[in-house]
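A.B. asks:
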Ligand code: SF4
Ligand code: SF4
Ligand code: FES
């Protein structure tokens with residue numbers, strides 16, 4: 048009979064991936080940023096729905112606001128990608144499919160982040 | 002899954018096994034529910050982020066803002082906004098708790114329980130505060 | 006996708022009812038999971054009504070009474086009957102625990118006894134834990150040293166260093182924690198689970214162990230360690246009052262500090 052170490056492998060004995068801390072750290076660091084940025088945004092733009100377009104652009108166009116907003120969208124898209132990745136890895140089988148989905152998630156997040164920051168730059172440029 | 006083949010010397014016929022009940026019978030502690038909701042609110046806000054990025058584009062392009070305003074101001078838009086804000090506060094509070102755990106704080110059993118209870122209430126408080134702030 | 010539902014052939018059906026003895030003073034219903042690999046049928050939930058005035062105080066006593074007096078085919082593991090061997094781990098009223106240290110009167114009504122969750126059932130309350138033991142072996146739970154031992158004595162440890170192992174070294178490998186963890190249910194093939202990770206941390210924290218760096222390397226993996234999302238079912242379940250969730254957070258913290 049096989050010993051405790053023998054027999055069919057547990058996947059757990061595949062070589063460790065060694066990139067996992069960075070993922071975890073990135074999730075926490077972006078979370079720490081969002082911890083501050085999210086309430087700031089909610090209290091600043093929570094009533095944006097009732098604002099006139101020009102007032103809204105005025106508000107976003109202020110350098111400090113534009114910077115904060117861009118930072119928020121970068122951190123949020125990054126945080127969302129990392130979080131989605133975890134969910135995908137938890138539930139999606141086979142692993143090849145989950146790997147493809149993870150790539151897709153990353154790509155989508157890059158597109159989203161570029162779009163958001165691009166829009167902020169566009170608004171700021173439009174103010175001049 | 003496991004290797005269920007019998008050890009050598011035993012009958013070649015592998016014994017029948019079934020999976021024991023799990024999610025169906027486990028009485029999840031409160032903390033597990035909060036954890037599940039953390040995940041669900043996070044997933045919701047992946048959509049929210051998509052929406053927010055879209056709105057930002059509308060503002061940047063300068064077209065379609067009245068339509069977006071009308072959608073946000075409609076009864077359904079209002080309900081969705083309030084739920085989204087609540088979900089965001091929930092994820093925020095629960096995330097804060099997770100950060101504290103990661104630093105090694107709050108593992109004592111009573112603190113875990115009180116913290117888990119606090120999350121939905123903090124989220125409610127945040128939502129109410131925002132509501133009154135906006136007038 | 007991960008299977009959240011039980012496969013059809015694994016869904017228990019209502020089984021036999023064994024009535025209470027005549028003139029039972031304090032009858033109490035026990036619903037017990039039964040599975041016989043040799044017959045073709047699905048698992049059953051059999052009901053046994055016992056008289057608590059004629060039964061020992063623990064849930065294990067009730068199971069023994071059923072086996073001795075009502076149905077000798079009931080199968081379960083037990084040995085020490087005092088919470089130290091870890092054999093009698095099972096799911097009682099929805100929570101994993103040891104049958105031998107749980108008082109019957111701690112539960113108000115009917116008591117439902119099922120095997121540890123999301124394991125292959127061998128028979129009745131006996132599940133296959135070989136994967137659990139292999140995962141324990143993966144973390145190499147023994148003292149690893151590079152420097153030769155002193156010629157005239159053991160490797161000594163200061164009392165303060167020994168104190169760091171309190172809450173880590175008392176684990177009896179009952180598997181209550183790992184089989185309570187949803188992440189373990191969905192990823193048992195690659196996630197090591199709380200018990201093995203607690204053991205890993207126990208050796209990382211040991212002042213005499215000289216393989217700390219390699220141990221951390223081996224855990225820096227998206228599946229082995231980072232499937233843990235601090236759900237804390239493990240800590241709630243541990244019948245020895247240990248805190249695997251905190252130990253896992255300790256491993257993550259050490260990895261993060263090393264990276265920064
Ligand atoms: S804390 Fe981690 S190991 Fe424990 S139950 Fe939760 S996910 Fe599983
Ligand atoms: S940590 Fe607790 S629950 Fe887990 S195996 Fe050890 S004694 Fe059992
Ligand atoms: S019989 Fe040993 S722990 Fe219960």
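Chains as they are written, first to last, in our numbering: chain A, 48 to 175; chain B, 2 to 136; chain C, 6 to 265.
Note that CB positions come from ideal geometry on N, CA and C, so glycine has one too.
1. Using the Cβ count rule (16 or more neighbours within 10 Å means buried), how would you classify residue 219 of chain C?
2. Check whether the Cβ atoms of residue 98 of chain B and residue 116 of chain B lie closer than 8 Å to each other.
3. Give a yes or no on whether the minimum CB-CB distance between residue 66 of chain B and chain A is below 8 Å.
4. Considering only residues of the same chain and omitting the five flanking positions on each side of residue 167 of chain A, which have a CB-CB separation below 6 Å?
5. Quick one, which of B/44, B/23 and B/120 has its alpha-carbon nearest residue 131 of chain A's?
6. Using a Cβ-Cβ cutoff of less than 8 Å, which residues in the same chain neighbour residue 98 of chain C once the five nearest sequence positions on both sides are dropped?
7. Label residue 258 of chain C either buried or exposed according to how many other C-beta atoms from any shown protein chain fall within 10 Å of its C-beta, with 16 as the threshold for buried.
8. Mapping DSSP to helix, strand and coil, what is residue 132 of chain A?
9. Note down, in chain order, every chain C residue with its Cβ under 8 Å from the Cβ of residue 121 of chain B.
10. So if I threshold CB-CB distances at 7 Å, which residues from the segment 80-104 of chain A count as touching chain D?
11. Could you tell me the boundaries of the alpha helix (DSSP H) in which residue 102 of chain B lies?
12. How should residue 19 of chain C be labelled, buried or exposed, when 16 other C-beta atoms within 10 angstroms of its C-beta is the threshold for buried?
13. Heavy atom of ligand 2 less than 7 Å from the Cβ of residue 91 of chain C, yes or no?
14. Comparing alpha-carbon positions, which option in B/54, B/17, B/88 and B/135 lies nearest residue 159 of chain A?
15. What residues of chain A sit near residue 63 of chain C, judged by a beta carbon separation below 9 Å?
16. Consult DSSP for residue 128 of chain C and reduce its assignment to one of helix, strand or coil.
17. Near residue 9 of chain B, what residues of its chain come up, given a Cβ to Cβ distance below 8 Å and the 5 sequence neighbours on each side ignored?
18. With a threshold of 8 Å, are at least 3 pairs of Cβ atoms found where one atom belongs to the segment 121-128 of chain B and the other to the segment 20-30 of chain C?
19. Which chain C residues sit within Cβ distance under 9 Å of residue 69 of chain A?
20. State yes or no: is the C-beta of residue 71 of chain B within less than 8 Å of the C-beta of residue 56 of chain B?
21. In three-state terms, what does DSSP make of residue 116 of chain C?
22. How big is the Cα-Cα spacing for residue 239 of chain C and residue 61 of chain B?
23. List, in order along the chain, the chain C residues whose C-beta lies closer than 8 Å to that of residue 81 of chain B?
24. What are the residues in the segment 123-155 of chain A lying within 7 Å of chain B by C-beta distance?
25. Does residue 126 of chain A come out as helix, strand or coil in the three-state DSSP assignment?
26. Against residue 185 of chain C, what residues of chain B qualify as contacts under a CB-to-CB distance less than 8 Å, listed in chain order?
27. Look up residue 192 of chain C in the DSSP assignment and say whether it is helix, strand or coil.
28. Quick one: is residue 112 of chain B buried, meaning 16 or more other Cβ sit within 10 Å of its Cβ, or exposed?
29. Taking only beta-carbon positions, decide if residue 102 of chain C is within less than 8 Å of chain B.
30. To the nearest whole angstrom, what separates the beta carbons of residue 77 of chain A and residue 125 of chain A, a pair I think is in contact under 8 Å?
31. Can you check DSSP and say which residues form a bridge with residue 268 of chain C?
32. With DSSP run on the structure shown, which of helix, strand or coil describes residue 144 of chain C?
33. Considering only the beta carbon of each residue, do residue 48 of chain C and residue 40 of chain C sit closer than 8 Å?
34. Of the residues A/137, A/129 and A/123, which one's Cα is nearest the Cα of residue 164 of chain A?
35. Who are the near neighbours of residue 80 of chain C in its chain, counting only those whose CB is closer than 7 Å to its CB and skipping five residues on each side?
36. Indicate the three-state DSSP secondary structure (helix, strand or coil) for residue 55 of chain A in the structure shown.
C.D. replies: According to the data block:
1. Of the residues assessed, residue 219 of chain C falls on the exposed side of the cut-off, its CB having fewer than 16 other CB atoms within 10 angstroms.
2. For residue 98 of chain B and residue 116 of chain B, yes; Cβs fall inside 8 Å.
3. yes
4. The beta carbon of residue 167 of chain A sits closer than 6 Å to those of 113, 116 and 117, all from its chain and outside the five residues before and after it, given in chain order.
5. B/44
6. 112, 116 and 117
7. exposed
8. Assignment of residue 132 of chain A by DSSP, reduced to helix, strand and coil, places it in the helix class.
9. Going along chain C, no residue has its Cβ under 8 Å from residue 121 of chain B, so there is no contact; the nearest lies around 17 Å.
10. Among the chains of the structure shown, chain D does not appear; the protein chains present are A, B and C.
11. 76-103
12. exposed
13. yes
14. Closest by C-alpha distance to residue 159 of chain A, out of B/54, B/17, B/88 and B/135, is B/54.
15. Those within 9 Å of residue 63 of chain C in chain A number zero; the least Cβ separation is about 31 Å.
16. DSSP places residue 128 of chain C within a strand segment (E or B) once states are collapsed to three.
17. Here residue 9 of chain B scores only 46 on pLDDT, less than 50, and its place in the model should not be relied on; the value that follows carries that caveat. So the list is empty, once near-sequence residues are dropped.
18. no
19. 264
20. no
21. Residue state, collapsed to three classes: strand.
22. If you draw a straight line from the Cα of residue 239 of chain C to the Cα of residue 61 of chain B, it comes to about 49 Å.
23. Within chain C, no residue comes near residue 81 of chain B; the closest Cβ sits about 27 Å away, beyond 8 Å.
24. 123, 124, 127, 130, 131 and 134
25. helix
26. 27
27. helix
28. With fewer than 16 other Cβ atoms within 10 Å, it is exposed.
29. Not a single CB atom of chain B sits nearer than 8 Å to the CB of residue 102 of chain C.
30. 5 Å
31. As displayed, chain C neither begins before 6 nor continues past 265, which places residue 268 of chain C out of reach and without an answer.
32. coil
33. yes
34. A/123
35. The beta carbon of residue 80 of chain C lies closer than 7 Å to those of 128, 129, 130 and 131 in the same chain, with the five residues before and after it left out.
36. Here residue 55 of chain A scores only 43 on pLDDT, less than 50, and its place in the model should not be relied on; the value that follows carries that caveat. Residue 55 of chain A falls in the coil class under three-state DSSP.
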